[in-house]
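Visitor: Position 191 of the sequence shown, counted from 1, bears residue number 190 in numbering that gives the first Met the number 0, the numbering being contiguous throughout.
The structure follows.
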Amino acid sequence: MTPATLRVTLFAIAVLATIVAILTFVRALVVMYQRVATGQNAPGRLRPIGPRLWMTIKTVLSHREFRGRPGVRIAHWFVMLSFPILALTLITGMGKLRTSSYSLGAIDHFPLWEWIVELFAWTSLIGITGLIVLRITSGIGRDKEAEGETRTGQAASLASRFLGSTRWQAYFVEFVVATVVLAVIGLRSLDYAAGITGVTDEAGQLLLDPTYATAMHYPTTAWLGNALAGMSSAALLNSIAILSFLKVMISMAWMTVVGVQTSMGVAWHRFLALVNIYARRNADGSKTLGAASPLIVEGAPLLSEEQLDDLDDDATLGTGTLADLTWKQRLDFMTCTECGRCQELCPAWNTGKPLSPKLLTLSLRDHVAAVEQMEALGDKAYTEDEEGNVLVDSNAPNTAHTPDVLEALIASGNTGETGVSMQASPLVGDVICEEALWDCTMCGACVDQCPVDIEHLDTILGLRRHQVLMESAFPRELARPFRSLETKANPYNQAPRKRLEWAKNLEFDVPVIGEDVEDASEVDWVFWVGCAGAYDDKAKKTTQAIAELLHVAGVKFAVLGNAETCTGDPARRAGNELLFQMLAQQAIETLNEANVKKIVVSCAHCFNTIANEYPELGGTFEVVHHTQLLNRLVREGALTPVPPKPGEDGRKITYHDPCFLGRHNQIYEAPRALLSSDPALEVVEMPRSGERAMCCGAGGARAWLEETRGVRISQARVDEAGATGAKVIATACPFCSQMLGSTPTPSGAQQGIEIKDVAVLMLEAVRRGEIEEATK
0 MTPATLRVTL FAIAVLATIV AILTFVRALV VMYQRVATGQ NAPGRLRPIG PRLWMTIKTV
60 LSHREFRGRP GVRIAHWFVM LSFPILALTL ITGMGKLRTS SYSLGAIDHF PLWEWIVELF
120 AWTSLIGITG LIVLRITSGI GRDKEAEGET RTGQAASLAS RFLGSTRWQA YFVEFVVATV
180 VLAVIGLRSL DYAAGITGVT DEAGQLLLDP TYATAMHYPT TAWLGNALAG MSSAALLNSI
240 AILSFLKVMI SMAWMTVVGV QTSMGVAWHR FLALVNIYAR RNADGSKTLG AASPLIVEGA
300 PLLSEEQLDD LDDDATLGTG TLADLTWKQR LDFMTCTECG RCQELCPAWN TGKPLSPKLL
360 TLSLRDHVAA VEQMEALGDK AYTEDEEGNV LVDSNAPNTA HTPDVLEALI ASGNTGETGV
420 SMQASPLVGD VICEEALWDC TMCGACVDQC PVDIEHLDTI LGLRRHQVLM ESAFPRELAR
480 PFRSLETKAN PYNQAPRKRL EWAKNLEFDV PVIGEDVEDA SEVDWVFWVG CAGAYDDKAK
540 KTTQAIAELL HVAGVKFAVL GNAETCTGDP ARRAGNELLF QMLAQQAIET LNEANVKKIV
600 VSCAHCFNTI ANEYPELGGT FEVVHHTQLL NRLVREGALT PVPPKPGEDG RKITYHDPCF
660 LGRHNQIYEA PRALLSSDPA LEVVEMPRSG ERAMCCGAGG ARAWLEETRG VRISQARVDE
720 AGATGAKVIA TACPFCSQML GSTPTPSGAQ QGIEIKDVAV LMLEAVRRGE IEEATK
């Protein structure tokens with residue numbers, strides 16, 4: 000076959016493939032738009048336009064969501080940008096099937112553009128190769144885990160990152176990227192070879208003007224072109240035609256496949272991620288951490304009891320079925336890349352629980368698509384047997400999932416043999432198992448790690464709210480704290496009059512607002528003690544330590560005493576939004592009546608609630624965590640840690656980051672600086688610390704729930720701390736102290752490990768000189 004005949008044949012096939020691909024792709028866009036558009040309103044997600052556009056551009060181009068992963072960040076950045084940058088080479092490839100000498104004219108031979116094309120072709124090839132290797136090596140251990148071995152520890156976490164991701168889709172996308180950039184490099188090399196040998200097409204037109212056949216125009220492919228220069232003219236022409244054809248066909252195959260597979264997030268995320276990032280809850284680009292999402296009812300946030308009274312009797316609270324999902328949630332599910340970064344750090348998943356943020360997202364995604372597909376089939380999807388039982392027709396799909404997703408869901412205990420329901424039905428039970436829903440600690444690792452801004456916590460919270468408020472279906476262990484919060488304004492079922500018992504044995508009086516001082520204007524800070532700090536025996540020691548340190552430093556402070564109530568965090572994270580509203584309004588009213596402006600808090604959960612959630616309810620205060628204030632006092636010289644005796648070795652400790660202090664509020668340095676200021680302490684970090692820290696297991700109201708499956712989260716964390724050789728785990732939240740203190744001995748260790756709040760350690764350092772003097 001002559002080069003001309005081959006080219007005509009390949010061009011006809013390529014044109015037909017392109018038409019099919021474009022039609023399939025456009026159809027998919029329409030289907031996906033309709034799938035998103037049928038969702039409920041998500042207020043405030045599209046405006047302000049300017050700041051959101053700028054935030055999206057910065058987020059995408061900076062790849063800041065890949066922090067802590069420099070290699071992956073660089074590789075993915077080049078692969079991502081190669082898609083739009085090398086798009087013009089697809090036009091060139093199609094043109095060369097029509098005419099061998101085809102080019103885009105001045106654009107194709109503009110040196111800067113040629114350098115950019117070759118740079119991104121090579122770097123994208125290197126990047127995609129590295130990502131393929133990462134996927135393969137991260138999958139080691141997948142089969143063993145699928146057989147049901149306990150997932151615990153960092154090694155298992157890394158191994159399970161891609162467990163449940165659809166492998167063929169990922170490898171297909173990676174194959175397409177690799178072959179397309181190889182085709183770009185190959186065509187550039189063949190062009191150069193044709194240029195230096197003076198090859199012409201059938202019309203006598205030079206394929207490449209020899210003046211362009213220089214290293215200036217082919218900076219990284221000239222050496223390959225020199226190696227190919229020995230080919231005959233016919234061979235060069237045929238090679239260019241075949242390689243151009245392969246490039247076009249692979250690209251069109253990609254468009255066709257993703258057009259058919261509308262749930263193929265690993266491919267679609269390159270488009271959808273831009274929209275999803277633009278529509279994130281916070282227009283400033285920050286993650287949807289800190290404040291919980293408000294309860295959206297009838298398209299508007301529910302922020303007061305008056306709004307509740309005005310609701311229709313049939314109003315739906317929370318997320319119960321597909322009809323309750325917002326368009327942003329539907330977009331979330333479709334955008335998931337199945338990268339598994341959320342799964343890698345999820346404390347529930349890594350201790351053998353059914354919950355995986357990735358699998359939860361994929362379950363909801365597949366359920367949406369399956370219901371849509373079955374509804375499109377209509378009556379054709381069902382038949383009846385002789386006894387009148389309704390059966391799914393053999394022409395209809397028998398599962399919503401790919402085999403990889405289904406295998407992981409079954410292995411985790413999150414679904415039956417066929418996966419999620421193929422019909423519109425309650426999400427909890429038929430799509431998400433109840434155990435997985437209540438396994439979430441709300442630690443925020445999934446949201447923090449997601450590169451495309453999926454808001455897992457908002458979805459989980461919406462499901463919990465529906466279960467609690469509409470179905471009255473929640474773990475029985477929560478009944479008591481709910482009742483106690485309603486009647487006694489604390490989850491410990493303790494009398495309000497006992498809130499000040501922690502201060503009885505102090506050597507100084509703790510002023511109470513309304514009794515010892517008229518209001519908060521007479522003091523520098525109001526110390527919000529919190530329910531745990533007032534009632535939990537271990538947390539009381541932290542409360543006393545903070546009060547003593549403030550007293551030593553000469554800080555004027557006061558407490559609310561019996562007037563203090565629960566902030567409502569346990570109720571809100573457990574889905575009891577109406578109870579949270581009641582408690583929050585009560586607390587805000589108390590604070591405003593006491594003229595409170597500045598608050599110091601010992602509990603990370605109280606800190607998060609007062610600082611981030613009360614403002615939308617009308618309570619705006621300056622809030623600091625006790626580690627921040629104490630660190631400030633040390634820097635100012637108001638508190639001075641006493642050095643140990645000469646020759647005394649430093650005590651090795653490790654710091655555990657509370658999720659609601661660190662990940663949710665980005666407070667990492669203050670507690671560490673406070674510990675480092677004590678010369679008697681040697682601070683060592685656990686492998687998972689800072690923004691990648693593991694949860695203690697208490698968040699999301701889990702402090703009141705038993706763990707009935709897998710390894711206790713607190714045990715896994717204590718084991719990790721023990722492996723550092725530390726004798727003490729320093730904490731900065733009473734719930735962390737409570738959870739870690741309930742499992743004091745690392746597995747296999749002969750000696751226990753102490754759990755102490757940073758404030759207790761600082762008080763020991765400040766009092767060290769007095770103790771030594773008293774023992775003389």
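Beta carbons are placed, not taken as given, at the ideal position from N, Cα and C, and that holds for glycine.
Source: prediction; values computed, not measured.
How should Lys286 be labelled, buried or exposed, when 16 other C-beta atoms within 10 angstroms of its C-beta is the threshold for buried?
Guide: buried
Visitor: Please list the terminal residues of the continuous beta strand (DSSP E) segment that includes Val599.
Guide: 597-600
Visitor: Out of curiosity, what's the CA-to-CA distance linking Asp107 and Met31?
Guide: 35 Å
Visitor: Ignoring anything shorter than 3 residues or poking outside the region 525-577, list the beta strand (DSSP E) runs there in chain order.
Guide: none
Visitor: Can you check whether the CB of Glu64 is closer than 8 Å to the CB of Arg280?
Guide: no
Visitor: Given Thr199, which residues of its chain have a CB within under 6 Å of its CB, disregarding the five upstream and five downstream residues?
Guide: Leu205
Visitor: Could you have a look at Leu236 and say whether DSSP puts it in helix, strand or coil?
Guide: helix
Visitor: Following the continuous alpha helix (DSSP H) through Glu374, name the residue where it begins and the one where it ends.
Guide: 356-376
Visitor: Looking at the secondary structure, which residues open and close the alpha helix (DSSP H) in which Ile508 lies?
Guide: According to the sequence provided, residue 508 is Asp. The question's Ile does not apply to it. Premise fails: Asp508 is in no alpha helix (DSSP H) and is neither H nor E.
Visitor: Have a look at Thr566 and Val599 and give me their C-alpha separation to the nearest angstrom.
Guide: 14 Å
Visitor: What is the residue span of the alpha helix (DSSP H) that Tyr491 lies within?
Guide: Tyr491 -> no alpha helix (DSSP H), and no H or E assigned at all.
Visitor: Kindly identify the DSSP beta-bridge partner or partners of His624.
Guide: Val600
Visitor: Which word fits Lys327, buried or exposed, when buried means at least 16 other C-beta atoms lie within 10 angstroms of its C-beta?
Guide: So Lys327 ends up on the buried side.
Visitor: State the beta-bridge partners of Tyr654 as determined by DSSP.
Guide: Bridge partners of Tyr654: Ala729.
Visitor: When burial is assigned at 16 or more other CB atoms within 10 Å of the CB, is Thr210 buried or exposed?
Guide: exposed
Visitor: I think Arg463 touches Gly574, with their Cβ atoms under 8 Å apart; what is that distance to the nearest whole Å?
Guide: 3 Å
Visitor: From Val730 to Leu704, what distance separates their C-alpha atoms?
Guide: As written in the sequence, residue 730 is Thr, which differs from the Val given in the question. Thr730 and Leu704: Cα-Cα distance of roughly 21 Å.
Visitor: I'd like to know whether the C-beta atoms of Leu548 and Val404 end up nearer to each other than 8 Å.
Guide: no
Visitor: With distances taken between CB atoms, is the gap from Thr17 to Gly258 smaller than 8 Å?
Guide: no
Visitor: For Ile56, which of helix, strand or coil comes out of DSSP?
Guide: helix
Visitor: For Leu460, which residues in the same chain have their Cβ closer than 7 Å to its Cβ, ignoring the five residues on either side in sequence?
Guide: Ala291, Ser292, Gly574
Visitor: Less than 8 Å between the beta carbons of Gln780 and Thr564, yes or no?
Guide: Only positions 0 to 775 of the chain appear in this structure, which leaves residue 780 out of reach.
Visitor: Is the distance from the Cβ of Ile276 to the Cβ of Thr58 below 8 Å?
Guide: Ile276 places its beta carbon less than 8 Å from that of Thr58.
Visitor: Who are the near neighbours of Gly617 in its chain, counting only those whose CB is closer than 7 Å to its CB and skipping five residues on each side?
Guide: Listed in chain order, the non-local C-beta contacts of Gly617 below 7 Å within the same chain comprise Ile587, local neighbours out to five positions each way being set aside.
Visitor: Short of 7 Å in beta carbon distance, which residues of its chain neighbour Trp114, apart from the five on each side in sequence? Order them along the chain.
Guide: Pro218
Visitor: Would you call the CB atoms of Val419 and Ser362 closer than 8 Å?
Guide: yes
Visitor: Is it true that the CB of Ser188 sits closer than 8 Å to the CB of Leu235?
Guide: Contact: no.
Visitor: Please report the straight-line C-alpha distance between Ser232 and Ala193, rounded to a whole angstrom.
Guide: So the two alpha carbons sit approximately 8 Å from each other.
Visitor: Determine the extent of the beta strand (DSSP E) in which Lys755 is found, giving its start and end residues.
Guide: 753-756
Visitor: What is the DSSP secondary structure of Glu681, reduced to helix, strand or coil?
Guide: Under the three-state reduction of DSSP output, Glu681 falls in the strand class.
Visitor: For the alpha helix (DSSP H) that contains Gly177, what are its first and last residues?
Guide: Reading off the sequence shown, one finds Ala at residue 177, where the question assumed Gly. From DSSP, the alpha helix (DSSP H) with Ala177 extends over 166-196.
Visitor: Taking its Cβ as the centre, do 16 or more other Cβ atoms sit within 10 Å of Lys644, making it buried, or is it exposed?
Guide: exposed
Visitor: Near Thr1, what residues of its chain come up, given a Cβ to Cβ distance below 6 Å and the 5 sequence neighbours on each side ignored?
Guide: none
Visitor: So, Gln39 versus Gly298, is the Cβ gap smaller than 8 Å?
Guide: Gly298 is positioned such that its CB atom lies closer than 8 Å to that of Gln39.
Visitor: Would you call Gln665 buried or exposed, if buried means 16 or more other Cβ atoms sit within 10 Å of its Cβ?
Guide: exposed
Visitor: Count the C-beta pairs between the region 692-704 and the region 426-446 that are closer than 8 Å, then say yes if the count reaches three, no if not.
Guide: yes
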